[in-house]
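Trainee: Mind looking over this structure? Questions follow.
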Amino acid sequence: MHTRLSFDDFLATPPGERLREWEASQFDELVADVFGVAALQIGAPQLDTLRSNRIQGQWILLEEKDSLFGLRPELHALRGEPEALPVAAESLDLVTLPHTLDFAEHPQQVLRDAVRALAPEGRLVLTAFNALGAWWLKERMTAAFGGKAYLPTRLQPISLGRLKDWLALLGMEVDRGRFGIYSPGVRSSAALRRWAWLDKAGDRWAPQFSNLILLSAVKRQPGTRLIDCATRPLSERRPVSTFPVASSHRRSPEA
Numbered sequence: 000m001h002t003r004l005s006f007d008d009f010l011a012t013p014p015g016e017r018l019r020e021w022e023a024s025q026f027d028e029l030v031a032d033v034f035g036v037a038a039l040q041i042g043a044p045q046l047d048t049l050r051s052n053r054i055q056g057q058w059i060l061l062e063e064k065d066s067l068f069g070l071r072p073e074l075h076a077l078r079g080e081p082e083a084l085p086v087a088a089e090s091l092d093l094v095t096l097p098h099t100l101d102f103a104e105h106p107q108q109v110l111r112d113a114v115r116a117l118a119p120e121g122r123l124v125l126t127a128f129n130a131l132g133a134w135w136l137k138e139r140m141t142a143a144f145g146g147k148a149y150l151p152t153r154l155q156p157i158s159l160g161r162l163k164d165w166l167a168l169l170g171m172e173v174d175r176g177r178f179g180i181y182s183p184g185v186r187s188s189a190a191l192r193r194w195a196w197l198d199k200a201g202d203r204w205a206p207q208f209s210n211l212i213l214l215s216a217v218k219r220q221p222g223t224r225l226i227d228c229a230t231r232p233l234s235e236r237r238p239v240s241t242f243p244v245a246s247s248h249r250r251s252p253e254a
């Protein structure tokens with residue numbers, strides 16, 4: 000019988016810990032120099048994708064089942080659904096989607112609403128499991144023949160080509176991409192270390208078979224005129240209060 004595995008439980012396994020390490024390093028690098036007024040992480044509170052970013056207004060969208068435990072005091076929390084963000088249009092400078100699309104019932108709508116909330120020239124960064132990766136192959140085999148789940152049970156990976164098509168249709172220009180972790184579906188830390196040599200070889204020879212995908216894209220609009228925020232009148236800048244503060248939560252430093 001095929002067992003069930005939550006995303007939380009997966010992150011506690013050796014492959015999940017490896018995912019945490021790789022994605023933390025990638026997000027830290029890619030969001031560090033994104034500037035603006037407001038940034039939003041949609042889902043996956045287990046992964047702090049905004050920790051290296053210097054935007055003061057940092058938010059995370061949580062569903063009702065998600066706990067506030069462990070959030071940085073600087074990270075405000077909103078309750079809502081990814082398909083209908085409680086956020087004004089064009090009010091965000093940075094949006095991150097750490098595996099949000101992998102578990103969404105309507106992933107294209109989630110992406111569409113994230114782009115709606117993103118300001119022109121704003122940046123979106125997402126991570127996803129690769130449908131061509133060895134980890135997903137391992138999960139499909141365990142599901143077919145019974146056994147202990149390898150990846151989260153609710154996972155429905157989306158192909159890289161489809162992700163790029165969706166982004167292009169929404170006016171997003173993918174300008175950076177990363178592929179990570181090429182090890183087969185092994186379960187122990189020791190086995191993962193033995194296969195670590197595949198990471199460099201895979202990046203060079205077969206990136207399409209990585210287990211993880213990261214895409215970074217910028218929202219382009221025809222005829223958009225860039226305005227230097229430093230010279231823009233204060234009244235025209237997007238305030239953090241565009242968020243529904245009344246429905247937000249924030250952990251106090253003492254909590």
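Numbers 0 to 254, taken from numbering that gives the first Met the number 0, label the letters of the sequence shown in order.
Every residue gets a Cβ at the ideal spot worked out from N, C-alpha and C, and that includes glycine.
At 3 residues or longer, what runs of the beta strand (DSSP E) sit wholly inside the segment 95-172?
Mentor: 117-128
Trainee: Using 8 Å as the threshold, is the segment 75-82 in touch with the segment 131-146, meaning 3 or more CB pairs across them?
Mentor: no
Trainee: As a quick exercise: from Leu29, Pro13, Asp7, pick the residue whose alpha carbon is nearest that of leucine 213.
Mentor: Leu29
Trainee: In chain order, which beta strand (DSSP E) runs of at least 3 residues are fully inside the segment 36-85?
Mentor: Within the segment 36-85, complete beta strand (DSSP E) segments of at least 3 residues are found at 37-41, 56-61, 74-78, given in chain order.
Trainee: What would DSSP say about leucine 211, mapped onto helix, strand or coil?
Mentor: strand
Trainee: Figure out for me which residue from Leu159, Phe178, Asp27, Glu62 has the closest Cα to the Cα of aspartate 47.
Mentor: Asp27
Trainee: Taking glutamate 22 as part of the alpha helix (DSSP H), name the residues at either end of that continuous run.
Mentor: Its alpha helix (DSSP H) spans residues 13-30.
Trainee: If you draw a straight line from the alpha carbon of leucine 159 to that of phenylalanine 68, how long is it in whole angstroms?
Mentor: 33 Å
Trainee: Which first and last residues belong to the alpha helix (DSSP H) in which serine 188 is found?
Mentor: 188-193
Trainee: Quick check: what's the CA-CA separation for alanine 200 versus proline 183?
Mentor: 14 Å
Trainee: At the level of alpha carbons, what is the spacing between threonine 2 and glutamate 89?
Mentor: Threonine 2 and glutamate 89: Cα-Cα distance of roughly 42 Å.
Trainee: Would you identify the three-state DSSP class for arginine 203, choosing helix, strand or coil?
Mentor: Three-state result, arginine 203: helix.
Trainee: For the segment 84-102 and the segment 114-126, state whether three or more C-beta atom pairs, one from each stretch, are separated by less than 8 Å.
Mentor: yes
Trainee: Taking contact to mean at least 3 C-beta pairs separated by less than 8 Å, is the segment 51-70 in contact with the segment 103-117?
Mentor: no
Trainee: Suppose you measure from the CA of valine 173 to the CA of proline 119; what does that come to, to the nearest Å?
Mentor: 14 Å
Trainee: Give a yes or no on whether the C-beta atoms belonging to proline 14 and leucine 191 are separated by under 8 Å.
Mentor: yes
Trainee: From glutamate 104 to methionine 171, what distance separates their C-alpha atoms?
Mentor: 22 Å
Trainee: Opposite glycine 179 in the DSSP bridges: which residues?
Mentor: Leu211
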